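Q:
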Amino acid sequence: MTDRLRRRVRRASAPAGPPRAVDLAAADLPDAVVPAAGQTAEVTESPALDLLIWDAPNIDMTLSTVIGARPTAETRPRFDAIAAWFVEGAGEADAAEVEACVFANIPPVVGTLQRWVEALRSFGFAVFARPKNQPDDDIDQAMLDHIAVRAHSHRLRRLVVFSGDGRNFAEPLEELARAGTHVTVVAFSEVAGYAISSDLLEFIDIEDVPGAFAAPLDRVRLDNLPPDGAWLRPTRSLREFVSGFTARRSG
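What follows is the structure in structure tokens.
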């Protein structure tokens with residue numbers, strides 16, 4: 001466990017139950033059981049774990065950015081396909097435990113989010129839901145806390161983080177990679193420069209996950225341009241932009 005992750009842990013958020021206070025730096029969790037006189041020591045190895053973390057606010061926001069519109073049911077990721085891809089990547093059934101967690105901010109008006117959360121749970125995802133009552137109510141620290149807890153309780157073999165948030169994730173994810181965890185960042189290439197440029201992190205564009213979207217998104221990826229080039233259409237009309245620009249300049 002790295003010092004940075006230890007410092008970040010204030011409250012553990014485990015899907016199996018409510019958060020509880022954890023001091024990882026001071027925790028006394030020996031790797032071996034001390035034998036009584038005349039007995040042989042039995043070494044207990046932490047179980048291997050493949051962990052998926054889904055940053056729902058970031059993925060939703062960046063999806064809006066890359067398609068230039070508010071996401072709809074047809075353009076949002078398919079979590080059943082994401083689950084299948086993640087578990088397949090874990091390999092043999094007994095090779096490692098698998099755990100997938102979605103972290104979400106819940107606005108005061110819930111709307112259809114109740115059905116969305118229940119669908120996620122039925123697909124095998126744990127959901128950490130926090131009320132979004134103020135602009136600074138977010139789940140960034142909860143995600144880092146949970147990664148730290150799992151890195152302490154298990155041998156974190158593989159970590160897959162769906163987020164383009166380099167400000168929060170770049171440094172702690174690279175520290176885990178240096179410690180021996182295979183870390184993969186899955187996001188949109190337009191907004192995940194921190195992972196693409198890293199020598200320690202594997203990057204996968206979310207649209208390259210098989211079946212992640214029901215149909216190709218309306219985007220042109222600069223990392224996957226056709227040999228003859230491509231026209232990139234404007235995301236708003238020229239007159240609309242100039243009208244707003246003129247109003248701001250004269251205001």
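Position 207 of the sequence shown, counting from 1, maps to 207 under the UniProt record's numbering, and the rest follow consecutively.
We treat Cβ as the ideally placed atom computed from N, Cα and C, and that holds for glycine.
Quick caveat, the model's predicted, so the values are computed rather than measured.
So the alpha helix (DSSP H) T184 belongs to, where does it begin and stop?
A: As a first step, residue 184 must be located in the sequence shown, where it is residue number 184. Run containing T184: none in the alpha helix (DSSP H); it sits in the beta strand (DSSP E), 182 to 187.
Q: How is A100 classed by DSSP in three states: helix, strand or coil?
A: By 1-based counting over the sequence shown, the position of residue 100 is 100. Three-state result, A100: strand.
Q: Using a Cβ distance threshold of 8 Å, determine whether the segment 134 to 141 contacts the segment 74 to 88, with at least three qualifying pairs required.
A: Fewer than three beta-carbon pairs drawn from the segment 134 to 141 and the segment 74 to 88 are found closer than 8 Å, and the two stretches are therefore not classed as touching.
Q: Since A170 is in the alpha helix (DSSP H), which residue starts that stretch and which ends it?
A: Your numbering for residue 170 matches position 170 in the sequence shown. Element bounds for A170: 166 to 178.
Q: Say whether the segment 143 to 161 touches the segment 176 to 188, bearing in mind that this needs 3 or more beta-carbon pairs closer than 8 Å, one atom from each stretch.
A: Contact between the segment 143 to 161 and the segment 176 to 188 is present, with at least three C-beta pairs closer than 8 Å.
Q: Going by Cα to Cα distance, which pick from A56, A81, M61 is closest to A215?
A: Taking the sequence shown and counting its residues from 1, the one referred to as residue 215 is at position 215. Of A56, A81, M61, the residue nearest in Cα terms is A81.
Q: Under a three-way DSSP split, which group does N133 fall into?
A: By 1-based counting over the sequence shown, the position of residue 133 is 133. It is coil, neither helix nor strand.
Q: Measuring only the C-alpha atoms, how far is D55 from A170?
A: Start at 1 with the first residue of the sequence shown, and residue 55 comes out as number 55. Start at 1 with the first residue of the sequence shown, and residue 170 comes out as number 170. C-alpha separation (whole angstroms): 14 Å.
Q: Tell me whether I139 sits in a helix, a strand or coil according to DSSP, three-state version.
A: Locating residue 139 in the sequence shown gives position 139, where the first residue counts as 1. Three-state DSSP puts I139 in coil, outside helix and strand.
Q: Taking just the CA atoms, how far does P227 sit from G111?
A: Start at 1 with the first residue of the sequence shown, and residue 111 comes out as number 111. Start at 1 with the first residue of the sequence shown, and residue 227 comes out as number 227. Cα atoms of G111 and P227: separation of roughly 44 Å, rounded to the nearest angstrom.
Q: For A129 versus A104, is the C-beta distance shorter than 8 Å?
A: Numbered from 1 along the sequence shown, position 129 holds the residue referred to as residue 129. Numbered from 1 along the sequence shown, position 104 holds the residue referred to as residue 104. Yes, the pair counts as a contact, with Cβ atoms nearer than the cut-off.
Q: Taking DSSP's pairing of strands, which residues face L51 in a bridge?
A: Taking the sequence shown and counting its residues from 1, the one referred to as residue 51 is at position 51. Looking at the DSSP assignment, L51 forms a beta bridge with E99, L159.
Q: Work out the CA separation of R70 and S250 for me, nearest whole Å.
A: As a working note, residue 250 is residue 250 in the sequence shown. As a working note, residue 70 is residue 70 in the sequence shown. Approximately 30 Å, taken between the alpha carbons.
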